[in-house]
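*Asks:*
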Amino acid sequence: MQTKWWHGKVAYQIYPKSFKDTNGDGFGDLPGIIEKIPYLHDLGIDLLWISPIYKSPFADQGYDIADYQDIDPIFGSMDDFKKLKAEADKYGIGIIMDLVVNHCSDEHEWFKKACADPKSEEASYFIFREGKDGKVPNNLRACFGGSVWEPVPGQENLYYCHWFHKKQPDLNWFNPKLRQKIYDMMNWWLVDMGIAGFRVDAIMSIGKDPTFPMYPADSVGDGLCSCGVMNSEHVDVALNFLREMNAHTFTPHDKFSVGEVFGISKDNVKDFIGDEGVFGSIFDFSAREALTKHYCFYGFEKLSVKQYREVTFAAQETAGNTGFLAPVIENHDEPRGVSTYLPLMWQNARGAKALGTVNLTLKGIPFVFQGQELGMLNTQFNHIDELDDCQSKDQYDNCMRHGLSDTVALKILNDQARDHGRVPMSWNDSENAGFSTVKPWMKINQDYKTVNVKSESADPDSVLNYYKKVIALRKDPKYLKTFTYGNFIALEDPNEHTLAYLRQGHDQTIMVIANFGAEAVTFDVNKESTLLLSSGEVKLCTDCCKVQVAEGSSAIILL
Ligand code: TEU
Ligand code: CA
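Throughout the sequence shown, residue numbering follows the working numbering, covering 663 to 1221 in sequence.
1. Enumerate, from N- to C-terminal direction, the unbroken alpha helix (DSSP H) stretches of 4 or more residues contained entirely within the segment 827–882.
2. Just to confirm the assignment, what range does the beta strand (DSSP E) spanning D1213 have?
3. Buried or exposed: where does Q1053 fall if 16 or more other Cβ atoms within 10 Å of its Cβ makes it buried?
4. Provide the residue span of the alpha helix (DSSP H) that contains Q1166, from first to last.
5. Tell me the residue span of the beta strand (DSSP E) that contains L921.
6. Quick check on the burial criterion: 16 or more other C-beta atoms within 10 angstroms. Buried or exposed for L1006?
7. Consult DSSP for W1103 and reduce its assignment to one of helix, strand or coil.
8. I'd like the list of long-range same chain contacts for L1220, defined as Cβ closer than 7 Å, with 5 residues on each side in sequence excluded.
9. Taking all protein chains shown into account, do 16 or more other C-beta atoms lie within 10 angstroms of the C-beta of T873, making it buried, or fewer, making it exposed?
10. Which residue's Cα is closest to the Cα of I789: A864, L852, E812, Y730?
11. Am I right that H703 and H765 are in contact with their C-beta atoms under 8 Å? What's the rounded C-beta distance?
12. Does the distance between the C-beta of Y725 and the nearest non-hydrogen atom of ligand 1 fall short of 7 Å?
13. Out of D1123, E979, A858, state which residue places its alpha-carbon closest to the alpha-carbon of Y916.
14. Nearer than 7 Å: is that true of the beta carbon of A864 relative to any heavy atom of ligand 1?
15. Grouping DSSP H, G and I as helix and E and B as strand, with all else coil, what is A1180?
16. Regarding G1096 and ligand 2, is the C-beta to nearest heavy atom distance less than 7 Å?
17. Go to G756, then tell me how far its beta strand (DSSP E) extends in each direction, as first and last residue.
18. Per DSSP, which one or two residues make a beta bridge with Q675?
19. What is the DSSP secondary structure of P813, reduced to helix, strand or coil?
20. Please return the same chain residues whose Cβ sits closer than 6 Å to the Cβ of A1014, not counting the five positions on each side in sequence.
21. Please confirm whether any heavy atom of ligand 1 lies closer than 7 Å to the CB of E922.
22. Do K1130 and G706 have their C-beta atoms within less than 8 Å of each other?
23. Is any heavy atom of ligand 2 found at a distance shorter than 7 Å from the C-beta of F689?
24. Is any non-hydrogen atom of ligand 2 found closer than 7 Å to the C-beta of D683, if you look at the structure I gave you?
25. Confirm the yes/no value for this check: CB of C1206, any heavy atom of ligand 3, distance under 7 Å.
26. Anyone know if the C-beta pair for P989 and G1026 falls short of 8 Å?
27. Quick one: what does DSSP say C1203 is sitting in, helix, strand or coil?
28. Which residue comes first and which comes last in the beta strand (DSSP E) that contains T1192?
29. Run through the segment 964–995 for me and flag every whole alpha helix (DSSP H) of 4 or more residues, listed as ranges in chain order.
30. Following the continuous alpha helix (DSSP H) through I618, name the residue where it begins and the one where it ends.
31. Buried or exposed for S881, going by 16 or more other Cβ atoms inside 10 Å?
32. Buried or exposed, going by whether 16 or more other CB atoms sit within 10 Å of the CB of Q723?
33. Secondary structure at R625, three-state DSSP: helix, strand or coil?
34. Could you give the first and the last residue of the continuous beta strand (DSSP E) run that contains V1152?
35. So for C805, helix, strand or coil by DSSP?
36. Is any heavy atom in ligand 1 found nearer than 7 Å to the beta carbon of F1031?
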């Protein structure tokens, strides 16, 4: 495997609307991120992915972009962005922007011109199709519900395609002129603005069949078929475009990229993250995928620790020495990882630390999502109006259509909604959790009095201080090579609740154990073994060559 500058890095994701508000309007902003760069540096972060900050009408919270080369006024200005870049540079932190190019906003100039004149150049940037027998062109379902087809305003029998919200028209990747425009825009950010790379949004969605055939209806019962089915049949179409993108952007400028890629098979891993792969890394969504077997939220069942272990380890083994996954436990599209993947008894600080051990010691480029380092849990939503996300609203309507009660629908959203990752970051125990001087756009997490940066900074035993220690250990030059390149070798699970593995380097082996069961587990070590770091209660006995890891505890051991 070729070595790359990003291989040993640790990344952090900011959801800017909810990170830190500095001008008292209830929305997070760029000056807020600038203010917290020292905090992120102290945590040990090298790369900072910021969810979209471009000009946007926020139909999908900024993932609907009206201008790719401007900053939305709620976040600040291009000058603020330059200040942020300069501040990040001071601390050696690279900025990763969000690249949303499957679609833009219906308020983008291109789309306005396209609707005004379907014969225009701009119209060829979008996917316009005529209706058939008074109906939409085919029966695919958009990710936020309903048909992927919406009438082109002001035109007869003409529809545009949108994989997500109807205010997010899909771009026509089959048009080489459009592709070149996208690469030029990317290179402006990468080279002229000097960012470190991009996180590439929903990119498998560009793998389309331009003939848009009909599909067999799926089990949702609306006669439609999930648009993802078309994508899963056309991975090669997406890959061809992505090879071209990479050759024009990331590779020539030696920039990092991490793809939001779902549903790839073992055979494709090399194409995505191998030496000649299209991305520097792709997120490991194996646990999320195991959870999401059905379009509707109420089809979800929790994973057992055993299942979590199986899918996570399988992903590690599949990536092997081919390339780098990006381990994640949560993001802005997910409920909190501790609430989702851990048994009830470990949905607390102790469990959060042990899960953090796993997230930060697997092979790959770990991403920590804002608040994860505090052990933030899901937020309790008591009314549908407390949720903001368009997908949550669609899922609520779905529940209603299927005759579920409001109470049941809310329970489902409290388990699964994307809103959990979108509530304000808890900075201290003052009103509004120190996020803002006014009532924020989303409700504050109920645990903010204790789970916040200020209180946790002062407590040596906090989740935050533990995260600092694991990140520091991972980056310690003595162990960096093993954590970065060491082989992943799964160990036996003694109680069906333990994730245990080796990271085997050339001249050292590190053992990791995280026990989410109800009783202690014991593993064999050797006489020279040393405990590098632990959470909870861990007893290492070199005389007897055993390590005992209590329930809810984790250990990192140099063998
Ligand atoms: O997400 C794409 C995606 O497929 C999902 O994770 C999506 O959130 C799904 O509906 C979850 O069930 C990306 C962004 O991360 C997301 O925030 C955007 O809404 C979406 O693309 C559209 O840009
Ligand atoms: Ca603000």
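Beta carbons: idealized from backbone N, C-alpha and C, even for Gly.
*Replies:* Answer, in terms of the structure:
1. 838–849
2. In the sequence shown, the residue the question calls residue 1213 occupies position 551. Contrary to the premise, residue 1213 reads as Glu rather than Asp in this sequence. Element bounds for E1213: n/a, residue is neither H nor E.
3. The residue you call residue 1053 lines up with position 391 of the sequence shown. Looking at its Cβ environment, which holds 16 or more other Cβ atoms inside 10 Å, Q1053 is buried.
4. As a working mapping, residue 1166 is identified with position 504 in the sequence shown. Q1166 -> not in any alpha helix (DSSP H); beta strand (DSSP E) instead, spanning 1160–1166.
5. Translated into the one-based positions of the sequence shown, residue 921 becomes position 259. In the sequence on display, residue 921 carries Gly and not Leu. Unbroken beta strand (DSSP E) run through G921: 918–921.
6. On the sequence shown, position 344 is the one that residue 1006 refers to. Result: exposed.
7. For the purposes of this step, residue 1103 is taken as the residue at position 441 of the sequence shown. In this structure, W1103 counts as coil in the three-state DSSP scheme.
8. Within the sequence shown, residue 1220 is the residue found at index 558, counting from 1. Excluding positions up to five away in sequence, the list reads Q1170, I1172, S1191, T1192, L1194.
9. Locating residue 873 in the sequence shown gives position 211, where the first residue counts as 1. Burial call: exposed.
10. Start at 1 with the first residue of the sequence shown, and residue 789 comes out as number 127. The shortest C-alpha separation from I789 is found at E812.
11. The residue you call residue 703 lines up with position 41 of the sequence shown. The residue you call residue 765 lines up with position 103 of the sequence shown. Not a contact, Cβ separation roughly 34 Å.
12. The sequence position of residue 725 within the sequence shown is 63, counting from 1. Answer for Y725: yes, Cβ within range of ligand 1.
13. What you label residue 916 is simply residue 254 of the sequence shown in a count that begins at 1. Residue identity differs from the one stated: residue 916 is Asp in this sequence, not Tyr. If we check each option's Cα against that of D916, A858 comes out closest.
14. Reading the sequence shown from its first residue, position 202 is the one you call residue 864. Indeed, a heavy atom of ligand 1 lies less than 7 Å from the Cβ.
15. Translated into positions along the sequence shown, residue 1180 becomes position 518. Looking at A1180 - three-state DSSP - the assignment turns out to be coil, as it is neither helix nor strand.
16. Working through the sequence shown from its first residue, we reach residue 1096 at position 434. No - ligand 2 has no heavy atom lying nearer than 7 Å to the Cβ of G1096.
17. Translated into positions along the sequence shown, residue 756 becomes position 94. From DSSP, the beta strand (DSSP E) with G756 extends over 756–761.
18. To locate residue 675, count along the sequence shown from 1; it is residue 13. Answer is W711, F1031, bridged to Q675.
19. Sequence index remark: in the sequence shown, residue 813 carries index 151 (1-based). Of the three classes helix, strand and coil, the one that applies to P813 here is strand, per DSSP.
20. Translated into positions along the sequence shown, residue 1014 becomes position 352. The answer, listed in chain order, is V1000, G1037, V1125.
21. The count along the sequence shown starts at 1 and reaches residue 922 at position 260. Yes - ligand 1 has a heavy atom lying nearer than 7 Å to the Cβ of E922.
22. Taking the sequence shown and counting its residues from 1, one reaches residue 1130 at position 468. Taking the sequence shown and counting its residues from 1, one reaches residue 706 at position 44. Contact flag set, yes.
23. On the sequence shown, residue 689 is found 27 positions in, with the first residue counted as 1. Answer for F689: yes, Cβ within range of ligand 2.
24. For the purposes of this step, residue 683 is taken as residue 21 along the sequence shown, with counting starting at 1. Yes.
25. Ligands in the displayed structure: ligand 1 and ligand 2; ligand 3 is not one of them.
26. Here residue 989 refers to the residue found at position 327 of the sequence shown. Here residue 1026 refers to the residue found at position 364 of the sequence shown. Yes, Cβ-Cβ distance for P989 and G1026 is below 8 Å.
27. Taking the first residue of the sequence shown as position 1, residue 1203 is located at position 541. In this structure, C1203 counts as strand in the three-state DSSP scheme.
28. Taking the sequence shown and counting its residues from 1, the one referred to as residue 1192 is at position 530. Segment 1192–1197, the beta strand (DSSP E) holding T1192.
29. 967–981
30. Examination of residue 618 is not possible in this model, given that the chain is present from 663 through 1221 alone.
31. Position 219 of the sequence shown, counted from the start, is the residue given in the question as residue 881. Label assigned to S881: exposed.
32. In the sequence shown, the residue the question calls residue 723 occupies position 61. Under this definition Q723 is a buried residue.
33. The structure shown does not extend to residue 625, since the chain spans only 663 to 1221, so no value can be given for it.
34. Against the sequence shown, residue 1152 aligns to sequence position 490. In the sequence on display, residue 1152 carries Ala and not Val. Segment 1149–1152, the beta strand (DSSP E) holding A1152.
35. Residue numbering aside, residue 805 sits at position 143 when the sequence shown is read from its first letter. In the structure shown, C805 sits in coil (DSSP, three-state: anything other than H, G, I, E or B).
36. Residue numbering aside, residue 1031 sits at position 369 when the sequence shown is read from its first letter. Checking the Cβ of F1031 against ligand 1 gives no.
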